[in-house]
Amino acid sequence: MAQYFYMFNVREDQPLADKRIREALNLVVRRNVITRQILGMGQDASYWYVPRTAAGGARGETAFADWPMDKRMARARQLMKEAGYGPGRPLDLTLRYNTLEDHKKIAVAVAAMWRELGVNVELINSEAAVHYSSVNQGQFQVARYGMMATINDPYDFLNAYATGGSAHKSSGYQSDRYDALVEQSTRELDDAKRADLMTQAQQHLLDDYALLPLYDYVSVHLVSPRIKGWQITPTDVHPLRYITIED
58 MAQYFYMFNV REDQPLADKR IREALNLVVR RNVITRQILG MGQDASYWYV
108 PRTAAGGARG ETAFADWPMD KRMARARQLM KEAGYGPGRP LDLTLRYNTL
158 EDHKKIAVAV AAMWRELGVN VELINSEAAV HYSSVNQGQF QVARYGMMAT
208 INDPYDFLNA YATGGSAHKS SGYQSDRYDA LVEQSTRELD DAKRADLMTQ
258 AQQHLLDDYA LLPLYDYVSV HLVSPRIKGW QITPTDVHPL RYITIED
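Just so you know, the sequence shown maps onto residues 58 to 304 in my numbering.
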């Protein structure tokens, strides 16, 4: 259970502090092209942050999820114009990614999609330790990121963007309303009410375009028919005490 997304640096001295630009960048990315044509391993294009396989009932998605592409492009161009960018004044951005061929393919594709808005993208590649060190220190504008759950619960993802969380520290994103919703969800014992609070929190994050979700990860396994007791799980954990091997 994991999410592949692009993190935005939304600090005040960054161009992505402008929500209009963050929304425009989200709008023009053709996620199905990435999942079906570039990757082709069964990944689900995501318009959300918390993977759909997570327990807990957190829902929500970006407002444009069902829009046709021409409507998305028109909205994106208008937003960029309002933000002061266009053919005569392109926006220059850097996009960091760590070394892996698929990460490179996705970054190249996204940069090409953003170019339709008049956005010039400089791709910065580095090995994983350098990449994540730069992200953790806020030394980026857009950065490839993958978040994997340690427990099967939306809180694992949502808390990262709350004040003090890892994504908050890296991206600079801060919202009192978001913090309150996440904190309330930790004290709510009623499952339905807790799911509603987490849904509100995720929707708030998505409505702020705090990040650019791309797809939910999938796990690929080669399992012999002789193996019994092995099951697919959201966290991809398979305790050996439940597994046997038939002769």
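All C-beta atoms, glycine included, are put in the ideal place defined by N, C-alpha and C.
From the options, pick the residue whose C-alpha is nearest to that of residue i; which is it?
i	options	result
Thr207	Ala111, Leu73 and Gly97	Ala111
Tyr218	Ala166, Asn209 and Leu238	Leu238
Ile163	Leu174, Gln94 and Gln241	Gln94
Met98	Met204, Ser232 and Asp159	Asp159
Asn155	Gln257, Ala186, Glu173 and Leu271	Ala186
Trp105	Glu69, Leu262, Lys76 and Lys285	Leu262
Would you list the one or two residues that DSSP bridges to residue i?
i	result
Met205	Ala59
Tyr285	Going by the sequence as given, residue 285 is Lys instead of Tyr. In the DSSP output, where bridge partners are listed per residue, Lys285 has Thr301.
Phe65	Val199
Arg146	Gly143
Consult DSSP for residue i and reduce its assignment to one of helix, strand or coil.
i	result
Ile302	strand
Tyr154	strand
Asp210	coil
Glu118	coil
Met98	coil
Ser183	strand
Val86	coil
Asp70	coil
Val176	strand
Near residue i, what residues of its chain come up, given a Cβ to Cβ distance below 6 Å and the 5 sequence neighbours on each side ignored?
i	result
Val107	Ala115, Pro211, Phe214 and Gln259
Leaving aside the five residues before and after residue i along the sequence, list all residues of the same chain whose C-beta is less than 7 Å from its C-beta, in chain order.
i	result
Gly283	The displayed chain sequence assigns Arg, not Gly, to residue 283. Closer than 7 Å at the Cβ level, and outside the excluded window around Arg283, lie Ile302 and Glu303.
Glu80	Leu136 and Tyr266
Gly222	Asn216
Is any beta-carbon of chain C found at less than 8 Å from that of residue i?
i	result
Ala59	Here chain C cannot be found, since the structure has a single protein chain.
Practice item. Could I get the ranges of all uninterrupted beta strand (DSSP E) runs contained in the region 250–274, with 3 residues as the minimum, in chain order? Key: 268–273
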